[in-house]
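Counted the way numbering that gives the first Met the number 0 counts, the sequence shown spans residues 0 to 476.
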Amino acid sequence: MSDKRQFYINGQWVDPVKANDFEVINPSTEKACSVISLGGEADANAAIEAASSAFDSWSQTTKDQRLDLINKLLAIYQERASEMAEAISSEMGAPMALASTAQCGAGAAHIKNLARALKAYEFEKPLGGHAPDNRILHEPIGVCALITPWNWPMNQVVLKVVGALAAGCTMVLKPSEIAPLSSMLFAEMIDQAGFPAGVFNLVNGDGVGVGSQLTAHPLVDMVSFTGSTRAGIAISKNAADTVKRVSLELGGKGANIVFADADEKAVTRGVRHCFNNSGQSCNAPTRMLVERSIYDQAVQTAADVAAKTQVDLASVEGRHIGPVVSQLQFDKIQGLIQQGIDEGARLVAGGTGKPDGLETGYFVKPTVFADVNNQMAIAREEVFGPVLTIIPFDTEAEAIAIANDTPYGLTNYVQTQDSEKANRVARRLRSGMVQVNGSHMGGGAPFGGYKQSGNGREGGVWGLEDFLEVKAVTGWI
Ligand code: NAD
């Protein structure tokens with residue numbers, strides 16, 4: 000069971016300086032599916048030094064050389080997609096159908112988009128003005144620490160790693176200790192593609208050990224982090240002493256504004272989207288704001304959809320939802336559902352406890368609360384489980400005010416068939432993304448948040464530029 004691959008440093012799989020075994024738990028069975036080692040300060044230092052030594056030569060490669068290697072990586076990723084889907088499914092509990100389509104598929108889509116962006120990107124541009132030689136150079140920022148969560152593991156890892164590779168940066172990846180297996184497989188693919196030693200390094204570990212060493216080390220120029228707002232704040236403080244660039248992709252509490260003129264599938268679509276990936280998505284539309292005239296019908300529809308949502312083991316085929324990732328997460332969700340009941344929200348589907356027949360595994364009942372007030376904990380905190388809150392509103396202005404009344408600002412949603420209203424509302428919502436009449440991610444669009452949802456932008460050309468410095472070369476040359 001113990002994974003022979005430990006850390007990938009300077010082009011080789013190496014053992015930790017000091018063994019510290021950690022079980023990776025399959026959330027459907029509560030049994031270990033692998034044993035990895037959590038690294039410490041010395042392992043992090045070795046990886047950072049390898050990345051630092053490799054930077055000079057890698058940063059001077061041409062974009063065609065980098066593109067060639069990234070295209071090789073894409074081919075390998077596609078060839079080994081089923082292994083990737085299995086790794087994701089067993090480490091974080093996504094049913095195989097979801098793991099192989101959306102979870103694994105997102106990785107391939109991001110590699111393609113970043114390769115396209117790299118191909119078109121001009122790393123040197125004229126500045127204009129009187130001196131024709133004055134120009135702007137876009138240069139790789141340096142050694143990057145990439146720290147990722149467990150909920151969409153390959154989505155986050157690929158956005159960061161391939162963005163940094165395309166820019167000409169070198170890096171150390173620390174995936175979530177809860178879901179490290181897909182990242183270890185991705186490291187194998189990078190090795191297979193033939194990237195030079197030291198360009199990409201991987202060290203497993205937790206936030207306290209490897210995470211804090213990576214974010215404080217003086218040789219690290221940038222931290223790119225996806226995870227909770229709590230950890231993002233700690234990382235920013237830790238990185239401040241050495242003035243690193245810190246790119247943050249944090250939590251969310253998205254509003255889905257359903258106007259009375261929305262199409263007839265809007266509510267059903269919103270509930271399903273909220274429950275997708277067992278509710279474990281930063282951009283999930285967890286607060287459904289419904290115009291009063293259609294409110295009762297919407298609550299009934301949402302309750303019916305939740306009651307019909309199947310929950311089952313990740314290994315079972317089909318479009319059901321799987322478990323949540325861990326006992327800790329399960330307990331947190333149960334606590335928030337109870338708090339919703341205690342605070343007076345009306346439970347119309349689901350509730351505390353496990354679904355019938357699923358006593359083993361971290362399974363949560365698909366849950367819907369109606370008559371929610373935006374000050375309740377279930378409307379303010381990221382539940383990160385299949386729990387929808389429904390809040391009524393009377394006017395457009397009130398809907399916008401409720402949607403914006405949150406410290407988060409990642410994704411909001413608008414459902415209406417009136418395109419003027421959709422545009423007007425989209426402009427007033429304080430979030431990095433607004434999706435109208437559905438949940439289209441807009442292939443190649445930048446992903447990132449306002450307010451406490453972060454400051455980075457990932458994907459496509461924005462995801463490449465996140466890893467670049469801007470240099471002005473001016474004078475009479
Ligand atoms: P988390 O913050 O607990 O952990 C994320 C990663 O950070 C892990 O690798 C962890 O080991 C590491 N870490 C934790 N504390 C650290 C510290 N002090 N220093 C350095 N590293 C540290 O988050 P999680 O539970 O793994 O993931 C869920 C969270 O991620 C949710 O809040 C979700 O909204 C957010 N998320 C955001 C996006 C986005 O793009 N905005 C995408 C996915 C997930």
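We put the CB at the ideal spot given by N, CA and C, even for glycine.
All values derive from a computational prediction rather than experimental measurement.
Is any heavy atom in ligand 1 found nearer than 7 Å to the beta carbon of Cys281?
Residue 281 sits at position 282 when you count from the first residue of the sequence shown. Yes, ligand 1 has a heavy atom inside 7 Å of this Cβ.
Hey, would you say the C-beta of Thr214 is under 7 Å away from at least one heavy atom of ligand 1?
Stepping through the sequence shown from its first residue, residue 214 is reached at position 215. The answer is yes for Thr214.
Shortest alpha-carbon distance to Val363 belongs to which of Gly443, Asp311 and Val157?
Counting from one through the sequence shown, the residue named residue 363 turns up at place 364. Ranking the options by Cα distance to Val363, first place goes to Asp311.
Note down, in chain order, each residue of its chain lying with its Cβ closer than 7 Å to the Cβ of Lys450, except the 5 sequence neighbours on either side.
Here residue 450 corresponds to residue number 451 of the sequence shown, with the count starting at 1. So the qualifying residues of the chain are Pro406, Tyr407, Gly408 and Arg429.
Using a Cβ-Cβ cutoff of less than 8 Å, which residues in the same chain neighbour Glu82 once the five nearest sequence positions on both sides are dropped?
What you label residue 82 is simply residue 83 of the sequence shown in a count that begins at 1. Within the same chain, Glu82 has close Cβ partners Leu184.
Examine ligand 1 and report whether any of its heavy atoms sits within less than 7 Å of the Cβ of Ala233.
Against the sequence shown, residue 233 aligns to sequence position 234. Yes, Cβ of Ala233 sits closer than 7 Å to a heavy atom of ligand 1.
What residue range is occupied by the uninterrupted beta strand (DSSP E) comprising Phe392?
Position 393 of the sequence shown, counted from the start, is the residue given in the question as residue 392. Run containing Phe392: Val386 to Phe392, per the beta strand (DSSP E) assignment.
Go through its chain and collect everything with a Cβ distance to Ala365's Cβ below 6 Å, but skip five positions before and after it.
Sequence index remark: in the sequence shown, residue 365 carries index 366 (1-based). Note on identity: in this sequence residue 365 is Pro, with Ala being the wrong assignment. Cβ neighbours of Pro365 beyond the five flanking positions: Phe274, Ala305, Thr308, Gly349 and Pro385.
Leaving aside the five residues before and after Val469 along the sequence, list all residues of the same chain whose C-beta is less than 7 Å from its C-beta, in chain order.
Position 470 of the sequence shown holds residue 469. If we look at Val469 and ignore the five residues flanking it on each side, its Cβ neighbours are Ile135 and His137.
Just the C-alpha distance for Val209 and Lys173, rounded to the nearest angstrom, thanks.
As a position in the sequence shown, residue 209 is number 210, starting the count at 1. As a position in the sequence shown, residue 173 is number 174, starting the count at 1. Cα-Cα distance, rounded: 8 Å.
Are the stretch 71 to 91 and the stretch 238 to 247 touching by the rule of at least three beta carbon pairs closer than 8 Å?
No, they do not touch.
Beta carbon of Leu247, beta carbon of Asn454: below 8 Å?
By 1-based counting over the sequence shown, the position of residue 247 is 248. By 1-based counting over the sequence shown, the position of residue 454 is 455. Yes, the pair counts as a contact, with Cβ atoms nearer than the cut-off.
Using a Cβ-Cβ cut-off of 7 Å (strictly less than) and excluding sequence neighbours within five positions of Asp205, which residues of its own chain qualify?
What you label residue 205 is simply residue 206 of the sequence shown in a count that begins at 1. Only Leu37 and Glu176 meet the Cβ criterion.
Assign Glu468 to one of three DSSP states: helix, strand, or coil.
Your numbering for residue 468 matches position 469 in the sequence shown. Strand.
Taking 8 Å as the threshold (C-beta atoms), are Ile293 and Ala259 in contact?
Stepping through the sequence shown from its first residue, residue 259 is reached at position 260. Stepping through the sequence shown from its first residue, residue 293 is reached at position 294. Cβ distance < 8 Å, so Ala259 and Ile293 count as in contact.
Can you give the Cα-Cα distance for Asp262 and Arg271, rounded to whole angstroms?
Taking the first residue of the sequence shown as 1, we reach residue 262 at position 263. Taking the first residue of the sequence shown as 1, we reach residue 271 at position 272. Answer to the nearest angstrom: the Cα atoms are 15 Å apart.
Does DSSP put Leu113 in a helix, in a strand, or in coil?
Here the question's residue 113 lines up with position 114 in the sequence shown. Helix.
Would you list the residues sitting across from Tyr7 in a DSSP beta bridge?
Against the sequence shown, residue 7 aligns to sequence position 8. Trp12 and Leu201.
Hey, quick one: how far does the beta strand (DSSP E) through Cys32 stretch, first residue to last?
Numbered from its first residue, the sequence shown carries residue 32 at position 33. Lys30 to Ser36 is the extent of the beta strand (DSSP E) around Cys32.
What residues in its chain sit with their C-beta under 7 Å from that of Lys118, if we drop five residues either side in the sequence?
For the purposes of this step, residue 118 is taken as the residue at position 119 of the sequence shown. Correct list, in chain order: Leu66.
What do you get for Thr415, buried or exposed, if any count of 16 or more other CB atoms within 10 angstroms of its CB means buried?
Start at 1 with the first residue of the sequence shown, and residue 415 comes out as number 416. Under this definition Thr415 is a buried residue.
Start and end of the beta strand (DSSP E) containing Cys273?
Position 274 of the sequence shown, counted from the first residue, corresponds to residue 273. No beta strand (DSSP E) contains Cys273, which is instead part of the alpha helix (DSSP H) from Ala265 to Phe274.
At which residues does the alpha helix (DSSP H) containing Leu73 begin and terminate?
In the sequence shown, counting from the first residue as 1, residue 73 sits at position 74. Its alpha helix (DSSP H) spans residues Lys62 to Glu78.
At 4 residues or longer, and completely inside the stretch 201 to 245: list those alpha helix (DSSP H) runs for me, N to C.
211 to 215 and 228 to 239, all fully within the stretch 201 to 245.
When the Cα of Gln374 is compared with those of Thr351, Gln338, Phe199 and Ala471, which residue comes out closest?
Position 375 of the sequence shown, counted from the start, is the residue given in the question as residue 374. Per the Cα distances, Gln338.
Could you check what DSSP says for Leu288 in three-state terms: helix, strand or coil?
Position 289 of the sequence shown holds residue 288. Strand.
Any chance the stretch 188 to 200 sits against the stretch 159 to 171, with 3 or more Cβ pairs inside 8 Å?
The answer is yes - the stretch 159 to 171 touches the stretch 188 to 200, with three or more Cβ pairs under 8 Å.
Can you give the Cα-Cα distance for Lys111 and Ala444, rounded to whole angstroms?
Against the sequence shown, residue 111 aligns to sequence position 112. Against the sequence shown, residue 444 aligns to sequence position 445. Near 13 Å, if we compare the C-alpha coordinates of Ala444 and Lys111.
Counting only the same chain and skipping the five closest in sequence on each side, list residues whose C-beta sits under 6 Å from that of Thr225.
As a position in the sequence shown, residue 225 is number 226, starting the count at 1. Answer for Thr225: Thr147, Pro148, Gln155 and Glu248, listed in chain order.
Between the C-alpha atoms of Ala80 and Asn422, what's the straight-line distance to the nearest angstrom?
The residue given as residue 80 occupies position 81 in the sequence shown. The residue given as residue 422 occupies position 423 in the sequence shown. C-alpha separation (whole angstroms): 38 Å.
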